[in-house]
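Peer 1: Sending over a structure as structure tokens; questions will come in a sec.
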Amino acid sequence: MGHKKNGLVYGAILLLIFVVYIFRTEFHATLLQNYTSISLTLISWIPKLVTIIVIMIIAKILISATNSVLLKYFKYVGKEKEYYSVRSVVKYGVWIIALIGILSVIIGNLGVWLTSLGLIGFGVTFALQKPILNFVGWLTIVFNRTFSVGDRIKVGDARGDVLDIQVMYTIMDGLL
């Protein structure tokens with residue numbers, strides 16, 4: 011199977027080279043005509059790229075410094091096991107803030123995009139309210155081991171033995 015995929019990739023590369031070879035004169039003419047606009051566009055992106063790199067470096071330094079301080083604190087308090095979960099939350103938080111900063115550099119007016127994403131997210135959440143609640147309930151049951159297959163439980167007026175736990179529902183053999 012791997013050889014077949016490699017053959018397709020090599021075939022696509024050869025096809026691309028062939029197309030570029032056929033249209034090389036048109037490509038060069040277009041490139042030379044548009045050289046000024048292309049170079050101005052690339053030059054206008056240089057400050058944005060530098061800003062993005064600076065944001066990423068600052069995020070990395072901030073994560074390293076925070077990890078060092080957190081490790082010392084949790085060793086001092088004697089709760090080193092909690093350090094790893096707090097460290098991951100801090101790391102994700104810093105990267106999310108850095109991503110928002112990078113998007114604001116690339117897009118410009120980030121408020122409009124975030125508002126649009128928020129409204130779309132609200133609509134999707136409202137439309138999929140029941141499946142989302144069922145999924146969260148299933149995660150709670152599975153990871154917290156609230157009950158498992160074979161347990162006798164009571165939900166509202168229904169009592170019974172749990173036969174199966176699915177994402178959208180739990181099957182019980184009811185007792186009266």
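Here the sequence shown stands for residues 11 to 186, where the numbers follow the working numbering.
Ideal placement from N, C-alpha and C gives every residue a C-beta, glycine not left out.
Since we're looking at a predicted model, the values are computed, not measured.
Where does Leu173 fall in DSSP's three states?
Peer 2: Strand at Leu173.
Peer 1: If contacts are defined as beta-carbon pairs under 8 Å, then Ile62 and Ile107 qualify, I think. What distance do you get, rounded to the angstrom?
Peer 2: Ile62 to Ile107, Cβ: 14 Å. No contact.
Peer 1: Just grab the DSSP bridge partners of Gly184 for me.
Peer 2: Gly170
Peer 1: Report back the beta-carbon spacing between Val104 and Ala69 to the nearest angstrom; my notes put them in contact at under 8 Å.
Peer 2: 5 Å
Peer 1: Locate the alpha helix (DSSP H) running through Lys140, then write down its first and last residues.
Peer 2: Per DSSP, Lys140 belongs to the alpha helix (DSSP H) from 139–154.
Peer 1: Buried or exposed for Met178, going by 16 or more other Cβ atoms inside 10 Å?
Peer 2: exposed
Peer 1: DSSP puts Lys164 in a beta bridge; with which residues?
Peer 2: Arg169
Peer 1: Within a Cβ cutoff of 8 Å, which residues of the same chain sit near Ala168, ignoring the five residues on either side of it in sequence?
Peer 2: Around Ala168: Met182, Gly184.
Peer 1: Please specify which runs of the alpha helix (DSSP H), each continuous and at least 4 residues long, are wholly inside the region 86–138, giving them in chain order.
Peer 2: 90–117, 120–137
Peer 1: What residues in its chain sit with their C-beta under 8 Å from that of Lys140, if we drop five residues either side in the sequence?
Peer 2: Here the set comprises nothing.
Peer 1: Should Thr180 be labelled buried (16 or more other beta-carbon atoms within 10 Å of its own) or exposed?
Peer 2: Residue environment: Thr180 is assigned as buried (16 or more neighbouring CB atoms within 10 Å of its CB, all protein chains considered).
Peer 1: Can you round the beta-carbon distance between Val172 and Gly160 to whole angstroms, since I take them to be within the 8 Å contact cut?
Peer 2: 6 Å
Peer 1: CB-CB under 8 Å to Val115, same chain, minus the five flanking residues each way: which ones, in chain order?
Peer 2: Lys58, Thr61, Ile62, Ile65
Peer 1: Pick helix, strand or coil for Ser78, following the three-state DSSP scheme.
Peer 2: When DSSP states are grouped into helix, strand and coil, Ser78 belongs to the helix group.
Peer 1: If you check the beta carbons only, do Leu80 and Val96 fall under 8 Å apart?
Peer 2: It is a contact, given that the beta carbons lie within the stated cut-off.
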